[in-house]
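J.:
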Amino acid sequence: MTPVIRHLRTHFLELPLPAEDHSLNWTFDARVKRLGPDFYSKVVSMHPVLNMEYSILCNQLRHHFSFPGQINKEQIIDQLTAALMFAELLEHLHLHYLIVPREVARLRRHQEVYRGLLREMGGYIFTPQPQVSIQVGLSLSQQVRENTALINWFRLLFTRSKRVLNFLDLVGTGSETYRNLIGLLDKYTNPILAYVAWCFFIPRFATNLFLLVKHTIPWPWMDDKEKDLGWWTRLEAQVKRRWFELANDSVWITVGLLNCFVLIGALAPLSIYVTLFAFAFDIANTSLRAYIELNRLYKLQQEYSALLQKEENPEKRRAIQDHQNFITHRIEFEKLRLGLSVATTTAVFIAMCFALPMFAVNPVIPFIGALLLIAIWVASYTLTLRLEQYRPNDAVERPSNVATLGFFACKPKEDSSLSYEQKLTSEEDFLASERYSFV
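Under my numbering, the first residue of the sequence shown carries the number 108, and numbering increases by one thereafter.
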């Protein structure tokens with residue numbers, strides 16, 4: 108039994124074995140579907156960890172097929188068995204309990220690869236199981252998230268560039284033409300930007316709120332299996348998937364509305380303090396997310412360390428240590444990714460403090476703050492793109508020939524061994540759009 112399956116069974120004792128004793132007839136898929144709501148309530152609660160652990164396992168398999176000399180055939184078969192069990196469990200979870208059709212389709216593609224390899228390499232026999240048809244199509248919620256994250260980069264660049272131009276006028280260019288040009292620009296853009304500051308976040312906020320209500324309240328059209336979980340479990344699952352975006356968007360919509368309709372006229376000087384509160388909240392929000400996600404990985408590593416301490420077989424100990432190496436690799440990547448997010452929000456908050464009224468006596472100080480915001484944008488955008496090149500590769504494809512061990516294929520026209528399949532899973536769809544505010 109692989110370390111991954113042993114670890115799963117420490118949390119889910121009901122988890123069936125892949126096949127009957129002394130048999131190569133695969134029965135896991137049929138038996139896991141018969142497990143009841145008590146079992147899947149626990150699985151739903153742990154779904155962020157399970158998604159991450161499956162991704163790590165895929166990355167481990169890809170590495171071992173890329174470097175076949177580091178592992179023998181029996182170990183590969185064991186890891187393929189674990190991957191297929193994981194994929195079948197997650198497919199049932201996303202099909203009936205989390206309701207994420209695109210993830211179901213992705214996991215089914217993975218299963219086809221695993222089954223084909225296990226037939227050829229391990230002699231397993233698979234009985235075709237009836238599948239519930241799904242329609243992936245165009246996901247409105249996914250489109251909203253992706254477009255919000257993409258457009259936000261350009262929104263930030265425009266607003267920060269305009270901020271530099273405004274403070275440059277205050278510093279003094281000596282040009283009346285420039286002053287008139289800035290005045291004309293402010294006349295037409297300031298009202299638009301005041302509305303964009305809060306309207307921009309409404310589509311994603313409304314989408315997440317709608318999905319949270321949709322999957323929490325037992326509507327007549329809800330899947331019976333999902334309904335059997337109970338409203339609290341369903342709410343917990345949705346909050347774990349959407350809390351970061353909901354918290355971020357609710358704060359920035361509120362601040363935008365206050366600055367647009369309340370803090371005007373005599374109250375206008377207070378708007379900078381309200382805006383700074385939102386930036387401070389960004390630091391707390393991104394820090395909390397970093398703590399939660401890294402803590403999941405550290406806890407996962409500790410649980411495998413506990414397995415290692417109990418294991419006496421040298422070969423099994425090496426298998427556990429090998430898997431821990433890939434967990435460590437994922438921890439290092441997530442520390443960089445999440446650390447960049449926290450560092451960016453902190454730097455933006457500090458730069459915005461340069462605009463406080465106490466510094467307004469000398470317009471050079473706010474101008475320096477505006478320049479810092481542009482520099483932070485450039486650094487954050489560049490580092491984000493560069494960091495993605497080092498994301499652990501968990502893409503799964505069927506090799507043209509098993510003997511070549513080309514199981515996990517790279518994208519065309521890309522030499523790096525770290526090319527990967529861009530996907531938005533039930534957990535990672537939010538991680539890909541990690542910067543939302545910084546107006």
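Just so you know, even glycine gets a beta-carbon here, dropped at the ideal spot from N, CA and C. Note that the coordinates shown come from a computational prediction; the quantities given were computed from them, not determined experimentally.
Run the CB neighbour count on T340, radius 10 Å, all protein chains shown included, and call it buried at 16 or more, exposed below.
T.: In the sequence shown, the residue the question calls residue 340 occupies position 233. When all chains shown are included, T340 counts as buried.
J.: In terms of residues, what are the limits of the alpha helix (DSSP H) holding I309?
T.: Reading the sequence shown from its first residue, position 202 is the one you call residue 309. Per DSSP, I309 belongs to the alpha helix (DSSP H) from I309 to T323.
J.: Please name the residue or residues paired with W133 in a DSSP beta bridge.
T.: Position 26 of the sequence shown, counted from the first residue, corresponds to residue 133. DSSP, once it has assigned bridges, lists A126 and F233 as partnering W133.
J.: With a 10 Å radius around its C-beta and 16 neighbouring C-beta atoms as the bar for buried, classify R216 as buried or exposed.
T.: In the sequence shown, residue 216 corresponds to position 109, counting from 1. Exposed.
J.: Counting Cβ pairs, one atom from each stretch, are 3 or more of them under 8 Å apart for the region 286–295 and the region 494–504?
T.: Result no; under three Cβ-Cβ pairs closer than 8 Å.
J.: Tell me which residues share the same chain as L364 and place their Cβ nearer than 6 Å to its Cβ, disregarding the 5 neighbours each side in the sequence.
T.: Position 257 of the sequence shown holds residue 364. Result list for L364: W305, in chain order.
J.: Within this structure, are the beta carbons of Y411 and P110 separated by less than 9 Å?
T.: Along the sequence shown, read from residue 1 onward, the residue named residue 411 stands at position 304. Along the sequence shown, read from residue 1 onward, the residue named residue 110 stands at position 3. Closer than 9 Å, so yes.
J.: If you count every other CB in all the chains shown that lies within 10 Å of the CB of N158, and 16 or more means buried, which is it?
T.: Here residue 158 refers to the residue found at position 51 when the sequence shown is read from its first residue. By the 10 Å Cβ count, N158 comes out buried.
J.: Output the boundary residues of the alpha helix (DSSP H) element that contains D145.
T.: As a working note, residue 145 is residue 38 in the sequence shown. P144 to S152 is the extent of the alpha helix (DSSP H) around D145.
J.: Thinking Y221 and L187 are a contact (beta carbons under 8 Å), I'd like their distance in whole angstroms, please.
T.: On the sequence shown, position 114 is the one that residue 221 refers to. On the sequence shown, position 80 is the one that residue 187 refers to. At roughly 5 Å, the Cβ-Cβ gap stays under 8 Å, so Y221 and L187 are in contact.
J.: Thinking C-alpha only, which one of L395, L275, V239 and L257 is nearest Y488?
T.: Start at 1 with the first residue of the sequence shown, and residue 488 comes out as number 381. Ranking L395, L275, V239 and L257 by Cα distance to Y488 puts L257 first.
J.: Leaving out five residues before and five after V139 in sequence, what residues of the same chain have Cβ atoms less than 7 Å from its Cβ?
T.: Reading the sequence shown from its first residue, position 32 is the one you call residue 139. Around V139: P123, E195, L196 and H199.
J.: Below 6 Å CB to CB, which residues in the same chain sit around T452 once its five sequence neighbours on both sides are set aside?
T.: Position 345 of the sequence shown, counting from 1, holds the residue named residue 452. Answer for T452: D389, I390 and T393, listed in chain order.
J.: Between which residues of its own chain and L127 is the CB-CB distance below 8 Å, once the five residues before and five after are set aside?
T.: Locating residue 127 in the sequence shown gives position 20, where the first residue counts as 1. Reading off the sequence shown, one finds Glu at residue 127, where the question assumed Leu. Result list for E127: T134, in chain order.
J.: Pick helix, strand or coil for S394, following the three-state DSSP scheme.
T.: As a first step, residue 394 is located in the sequence shown; it is residue number 287 there, counting from the start. Helix, per DSSP.
J.: To the nearest angstrom, report how far apart V449 and V362 are at their CA atoms.
T.: In the sequence shown, counting from the first residue as 1, residue 449 sits at position 342. In the sequence shown, counting from the first residue as 1, residue 362 sits at position 255. Approximately 21 Å, taken between the alpha carbons.
J.: Put D389 into one of helix, strand or coil per three-state DSSP.
T.: Residue mapping note: residue 389 aligns to position 282 of the sequence shown, counting from 1. Note: D389 maps to helix in three-state DSSP.
J.: What's the call for S524, buried or exposed, on a 16-neighbour Cβ count within 10 Å?
T.: Counting from 1 along the sequence shown, the entry for residue 524 is found at position 417. For S524, the predicted structure reports a pLDDT of 34, less than 50, and the residue's modelled location is therefore unreliable. The matter cannot be settled from this model.
J.: Is D293 helix, strand or coil when you go by DSSP?
T.: Working through the sequence shown from its first residue, we reach residue 293 at position 186. If DSSP states are grouped into helix, strand and coil, D293 belongs with the helices.
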